[in-house]
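Reading through the structure tokens given below for one structure.
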Amino acid sequence: MLKSWAGKATEQDVLVKKLEEVSLPTDDDAPKKAPEPKPPSTGSSVSQEEDQVPKAEASLMQKIARSKLVTSKAEIEVQRQDPFSPLHSIKSFDDLNLTPKLLRGVYEMGFNAPSKIQETALPILLATPPQNLIAQSQSGTGKTAAFVLAMLSRVNPDNNFPQVLCLSPTYELAIQTGEVAAKMGQFCDEIKLRYAVRGEELPRGHKLTEHIIIGTPGKVLDWATKYRFFDLSKITVFVLDEADVMIATQGHQDQSFRIRKHLKENCQIMFFSATYDDEVMQFAKGIVPNPVLIRLKREEESLDNIQQYYVICDSKEEKYQSIANIYGGITIGQAIIFCHTRKTASWLTDSMTKDGHAVALLTGELSVEDRINILDRFRVGKEKVLITTNVLSRGIDVEQVTIVVNFDLPIDQNRQADCETYLHRIGRTGRFGKSGIAVNLCSHAEMQTTLKQIQDHFGKKILPLNTDDSDELERLND
Ligand SMILES: Nc1ncnc2c1ncn2[C@@H]1O[C@H](COP(=O)(O)OP(=O)(O)OP(=O)(O)O)[C@@H](O)[C@H]1O
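Residue numbers in the sequence shown follow our numbering, run continuously in steps of one, and reach 491 at the last position.
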């Protein structure tokens, strides 16, 4: 068993328990971020407090709640700086020349074949000479498993000092990565791991002997440069995980750059992110010289098997009536209803419960553990309807969902249509080639503005639906 010297919880249960005790994100070595300024209120139904959870918390929840690998129709796009370097994709973990113990760990985890990102990334990560990599693919596609495998296989256990360094944006995400490393390396007794996270203290003058360090930037920087517990110039593999979350945690960019400056030129650098906007790219470029760039191409076809409708409703009571009609008129597998604020979500939950429906409410004020319990109940069908906010807009698979209702249309901070969130929300239905229905409840004014922006963005017509007409509703069953 790979030894973790952190003295920290290494079991999922314990971790989840611990999460209850800390309010996230609690990475206390990161300077606190000032709250985002709230957009001015417009007096509409979306003017109450929005329900946004911090990126780190959302990412953690996805990691813990995910039941399996996310399958993606998107293709991998590879951009290489060096067109002559050998690059081939592998179809089996056996092709990677891993040590037998490591290979056993991989199979023990139930990984029969590499995922798409792993097929492409692993040959690059394990190539000789080592190549730098910037990889982007959506959450749940197997990035963590890919770089953890690379980290473990690059360790030289004869050298008893830190050689592999992995930076995570928060304590909890660092522990999650360590858990994967511990599982994958369960037969590699000789490899040792140490967490550099808050709560871990070492006596002055201590020299680390563990091979892998997984930690948060502030703590790692302190350990390496202030206390000299280990030598950054001896690091041969440097992994930066969750770059998009890292950027959202103030101070981490700067600390990561400072760590980076101490690394030797030949240190292999791997950079992973689920999203890839300009800020992430800037960050990546500052850290990774001459990288191979791989990314999952954007999925454009995701709306194809979803019938999209809108219903004109000028008050929340009218919206409620619409939902009641839909509920009475069509055969629903399971439904998710998205509201913009916790307040609306609670009101809707109370109203539906009073009318005798079994509904569940999932909002950001709940602990991560409670949210996961609610999702688990919904997954097994204990409730047919899940009412939620943007807390759940991305990343969670529930295969039985046949209808998604936007009680409020998704808008961004500038009160423009948030097309990405729309895609993620309605992408909760119609998964794996099944057809799904998305119903948007909106006012006349919103139909002409936000809904039109969404329609134009995706180039797909959103049709009117009269929920008072039972024949029309009946036709949705076809
Ligand atoms: N080759 C594989 N075969 C089967 N399951 C896999 C494979 N690779 C990863 N998984 C599983 O799929 C899930 C998602 O993998 P992983 O956490 O590596 O994804 P990720 O892209 O890092 O996600 P995130 O962006 O949330 O960190 C995990 O439960 C993991 O155990």
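Backbone N, C-alpha and C define an ideal beta-carbon position, used for all residues, glycine too.
A quick note: this is a predicted structure, and the numbers were derived from the prediction, not measured.
Take Ser364, set aside five residues on each side of it, and the residues of its chain with a beta-carbon closer than 6 Å to its own are Tyr333, in chain order. If you check the C-beta of Ala71 against ligand 1, you find no heavy atom less than 7 Å away. Closest in alpha carbon position to His219, among Arg207, Val210, Tyr240, Gly228, is Tyr240. The distance from the Cβ of Gln466 to that of Ala430 is about 4 Å, consistent with a contact at the 8 Å cut-off. About 5 Å separates the CB atoms of Val417 and Ile439; that is less than 8 Å, so the two are in contact. Short note on Ala126: C-beta closer than 7 Å to some heavy atom of ligand 1. Between Leu306 and Phe285, the C-beta spacing is not below 8 Å. Taken atom to atom, the span from the alpha-carbon of Lys68 to that of Val258 is near 6 Å. In the structure shown, Asn419 falls within a strand segment according to DSSP collapsed to helix, strand and coil.
No heavy atom of ligand 1 is found nearer than 7 Å to the CB of Ala261. In this structure, Gln131 has its CB closer than 7 Å to one or more heavy atoms of ligand 1.
Straight-line measurement puts the Cα of His470 at about 34 Å from the Cα of Ala159. Beta-bridge pairing by DSSP links Arg308 to Glu90, Gln149. Under a 10 Å Cβ-count criterion, Val393 is classified as exposed, with fewer than 16 other Cβ atoms of the shown protein chains found around its own Cβ. Taking a contact to require three or more Cβ pairs closer than 8 Å, the stretch 132–148 and the stretch 276–296 qualify as touching. Residues of the same chain with their beta carbon placed closer than 7 Å to that of Lys367 are lacking, with the five preceding and five following residues left out of the count.
Taking the Cα of Thr344 as reference, the smallest distance to any Cα among Asn490, Arg217, Thr463 is reached at Asn490.
Counted as a single uninterrupted DSSP element, the beta strand (DSSP E) harbouring Lys205 occupies residues 205–209. Secondary structure note for Val381: its alpha helix (DSSP H) is the uninterrupted segment 381–392.
The closest heavy atom of ligand 1 lies 7 Å or more from the beta carbon of Met164.
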